[in-house]
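Just so we're aligned: 288 in UniProt numbering is position 288 of the sequence shown, and the numbers increase by one with no gaps anywhere.
So the structure is just underneath, and the comments pick up after that.
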Amino acid sequence: MYAITIPEAGGPEALVWAEVADPEPAAGEVLVEVVASAVNRADLLQRQGFYDPPPGSSPYPGLECSGRISALGPGVSGWAVGDEVCALVTGGGYAQKVVVPVGQLLPVPKGVDLVSAAALPEVVCTVWSNVFMVGHLRPGETLLVHGGSSGIGTMAIQLAKAVGAKVAVTAGSAEKLEACRKLGADILVNYREQDFTELVRADVILDIMGAKYLERNVDALAVNGRLVIIGLQGGVKGELNLATMLVKRVAVVATSLRGRPLGEKAAIVAAVREHVWPLLEAGTVRPVVDRTIPITDAAEAHRVVEASAHIGKVVLTI
Numbered sequence: 001m002y003a004i005t006i007p008e009a010g011g012p013e014a015l016v017w018a019e020v021a022d023p024e025p026a027a028g029e030v031l032v033e034v035v036a037s038a039v040n041r042a043d044l045l046q047r048q049g050f051y052d053p054p055p056g057s058s059p060y061p062g063l064e065c066s067g068r069i070s071a072l073g074p075g076v077s078g079w080a081v082g083d084e085v086c087a088l089v090t091g092g093g094y095a096q097k098v099v100v101p102v103g104q105l106l107p108v109p110k111g112v113d114l115v116s117a118a119a120l121p122e123v124v125c126t127v128w129s130n131v132f133m134v135g136h137l138r139p140g141e142t143l144l145v146h147g148g149s150s151g152i153g154t155m156a157i158q159l160a161k162a163v164g165a166k167v168a169v170t171a172g173s174a175e176k177l178e179a180c181r182k183l184g185a186d187i188l189v190n191y192r193e194q195d196f197t198e199l200v201r202a203d204v205i206l207d208i209m210g211a212k213y214l215e216r217n218v219d220a221l222a223v224n225g226r227l228v229i230i231g232l233q234g235g236v237k238g239e240l241n242l243a244t245m246l247v248k249r250v251a252v253v254a255t256s257l258r259g260r261p262l263g264e265k266a267a268i269v270a271a272v273r274e275h276v277w278p279l280l281e282a283g284t285v286r287p288v289v290d291r292t293i294p295i296t297d298a299a300e301a302h303r304v305v306e307a308s309a310h311i312g313k314v315v316l317t318i
């Protein structure tokens, strides 16, 4: 098969479409013939040499995909060759074929095309696990999403609104804020011109910035608020005012998805199938795809994401 390889870490040009060995499904796995994948910022970090895949996983980038099952490993039941699926993977999504643990498979939702389905697994699992399973967002509460026009942001807005929450977002342009408004965001903050701490008191904050926003995020939390950090685009070390945290009785949690054990990922995927798939099939929530790019032009897709020149997800087609 062919896959995007990274012979040497570097810029987008480091991505090379090359012939590699076909993967074989082991017990509890299926082989998926990939139709599309999607770009995540973790892929950019891996390309740059800053985010190695967990031991034993595929060396190729790509944390999600959609396609058709082409083979079943020993002990797999409930799925059949030819089933159209999307999947959360630990790596290897940028390839013609990928093996997927059966617990990380999802059927393509009714009403969603197979290519667009590639934009779902990583963002839906990230948002559901962090905003709802960790952050415990409830109806009537306020969610603040940093990077509201990103793939994760556009999904977080929709899911929060679907459960009856109020949503505030930060983004860096009028165009991106307008896209967030159309998805249901109630409070729009242009971080280049406004200070979100003056405009928002949030019960849950979903943060991709890390250190740069740490102190202000705590300031923006309401009493009993929960800050969930899922990215470190603004650095890894910051200071926390414990006195403020004590007075407000707030929690600060940092989580990641890629390195979790199979059982934890399977539990998240099962929760997503139970709670989010009905919303997708009803049309209440939808994948937001900025553009599709052939996987042989993966370097261009990385440039788009690196420049934040997109709204929603950038999808790679095979």
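Backbone N, C-alpha and C fix where the C-beta goes; we use that ideal spot for every residue, glycine too.
The Cβ neighbour count for Lys182, taken over all protein chains shown within 10 Å, is under 16; the residue is labelled exposed. A straight line joining the alpha-carbon of Arg286 with that of Tyr94 spans about 23 Å.
By the criterion of a C-beta distance shorter than 6 Å, Ala9 is surrounded in its chain by Gln48, Gly49, once the five residues flanking it on both sides are discounted. Distance from the CA of Asn241 to the CA of Leu262, rounded to the nearest whole angstrom, comes to 36 Å.
A Cβ-Cβ distance of about 11 Å is found for the pair Leu214 and Leu221, leaving them out of contact under the 8 Å criterion. Apart from sequence neighbours up to five positions away, the residues of its chain that approach Gln46 with a beta-carbon distance below 6 Å are Pro61, ordered along the chain.
Taking a contact to require three or more Cβ pairs closer than 8 Å, the segment 150 to 158 and the segment 309 to 317 qualify as touching. Cα atoms of Leu143 and Glu19: separation of roughly 45 Å, rounded to the nearest angstrom. Using a Cβ-Cβ distance cut-off of 8 Å, the segment 126 to 143 and the segment 259 to 277 are in contact, since at least three pairs of beta carbons, one from each stretch, lie closer than that value. The alpha-carbon of Arg68 is positioned some 14 Å away from that of Thr317. For Asn224, the enclosing beta strand (DSSP E) stretches over residues 221 to 229.
Taking all protein chains shown into account, Asp22 has fewer than 16 neighbouring C-beta atoms within 10 Å of its C-beta and is therefore exposed. By the criterion of a C-beta distance shorter than 6 Å, Ile6 is surrounded in its chain by Ala14, Arg47, once the five residues flanking it on both sides are discounted.
Here the alpha carbons of Pro12 and Ala117 stand approximately 25 Å from one another. With respect to the C-alpha of Ala267, the residue from Gln194, Leu105, Val32 having the closest C-alpha is Leu105. Comparing alpha-carbon positions, the option among Glu141, Pro74, Glu29, Val108 lying closest to Val200 turns out to be Glu141.
With fewer than 16 other beta carbons inside 10 angstroms of its own, Met1 counts as exposed. About 15 Å separates the Cβ atoms of Leu63 and Val85, ruling out a contact at the 8 Å cut-off.
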